[in-house]
Every structure is written in C-alpha cells, then in structure tokens.
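Let me begin by presenting the structure, written as structure tokens, before commenting on it.
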Amino acid sequence: MKEKFGYTNIHAVPRIVKVVINVGAGRHAKEKDYLDEAAKTLEMISGQKPVFTKAKKAISSFKIRQGMVIGVAVTLRGKRMYDFLEKLVNISLPRIRDFRGIEEKAIDMNGNLTIGFKEQIVFPDIKPDEVKHYHGLEVCIATAADSREAGVELFRLFGFPLKARGK
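Numbering (my numbering), first residue to last: 7 to 173.
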C-alpha cells in the first residue's frame, strides 16, 4: 500500500483502528430478557463484556424516554480485534446463506466498513438450539484511511471478500 498510494511515512499507511459490534433493541426495548440475551450473545462473539447504550433524548413517536436502554454494544481493539476479524472473514461470512461478497458501497468515504447481519447464528460461538430470540447485529470496522480507495485496498489485503464494483 505504501508504494501504491505514495505514502512516505510508514505511520501514514492506513490501519484498522477498532471494531464496534452493536445490537439495537428496536421494538423489544422494554423486554429486559431480550437485551440480556443480546448482551450475552455479544459477549460470546467478542470475548469482552458489552455496555448497554441509552437514549440521549426522548422521542415520543418511538415511545423512547431519555436514559432508556435501547441497545448493546462492544468495542474491540488490539489482539481481540484481530482475532474477531480473522473469525469474521474465515468462518462467519462464508456461513451466510447466498453470500456473494461484500458490496464496495458498504465502505464509506473515510474508508470505514459496516456490515449488517440478520441473525447472530452465523458466528460459530452461538449454538442455534440455545437461542431464544433471533436478532440482527451490526459490525462497524473503523480504519485510519483517508479515502474510500485506501479503505477498499486495506480490506482487500486483509482478505475481506469484496465484490468488484459493478457500474
């Protein structure tokens, strides 16, 4: 990447900074057992204790009050982050039914990638027969890239199955 993008300093080369995995409660926000199971799922997937996210302000049309728990999230850095990414690329993504690759449009203009999963059972840590509630989750991978092209190249080098951009 240093030669391709003309970086003169080794520290200017893009790298993955953090991975955030989160589950939004949605219409199940008032169900305590749903949020507890989502937290247990994230802990099994990431190997780290998640935090409960709270609403910053009240929104009456969604029946949300300020301070109400509306989701669960975990932020991974360092060795845990790289272990999770390896598991994601080599095991979890191939387990998705009809998976043809990640669209390049999932990478934003700053080179960050966001992947949504419809069910948590694509991860090998989750046993389908022990699951009471199926829920989706979102994986956001933040990079130090300064452009989309640098982010795409970084994810290709990490082994992410990206689709070629169709026009």
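For glycine and all other residues, C-beta sits at the position ideal for the given N, C-alpha and C. Computed from a predicted structure; not experimentally measured.
Residue i - DSSP class collapsed to helix/strand/coil
i: K84; result: Residue identity differs from the one stated: residue 84 is Gly in this sequence, not Lys. The answer is helix: DSSP assigns G84 an H, G or I state.
i: V26; result: strand
i: T12; result: First, the residue type needs correcting, since residue 12 is Gly and not Thr in the sequence shown. Looking at G12 - three-state DSSP - the assignment turns out to be coil, as it is neither helix nor strand.
i: A148; result: strand
i: K173; result: Per-residue confidence for K173 stands at a pLDDT of 44, beneath the threshold of 50, marking its modelled position as unreliable; the derived number appears in the next sentence. Residue state, collapsed to three classes: coil.
i: G77; result: strand
Spatial distance of residue i from residue j (CA atoms)
i: E155; j: E37; result: 42 Å
i: R71; j: N15; result: 48 Å
i: V128; j: L99; result: 7 Å
i: N116; j: I65; result: 30 Å
i: L48; j: H17; result: 32 Å
Boundaries (first-last residue) of the alpha helix (DSSP H) holding residue i
i: V158; result: 154 to 164
i: K38; result: 38 to 52
Enclosing beta strand (DSSP E) for residue i [first to last residue]
i: V19; result: It is not in any beta strand (DSSP E) - V19 carries neither H nor E in the DSSP assignment.
i: K60; result: 57 to 60
Could you tell me which whole beta strand (DSSP E) segments of length 3 or greater appear in the segment 90 to 141?
119 to 123
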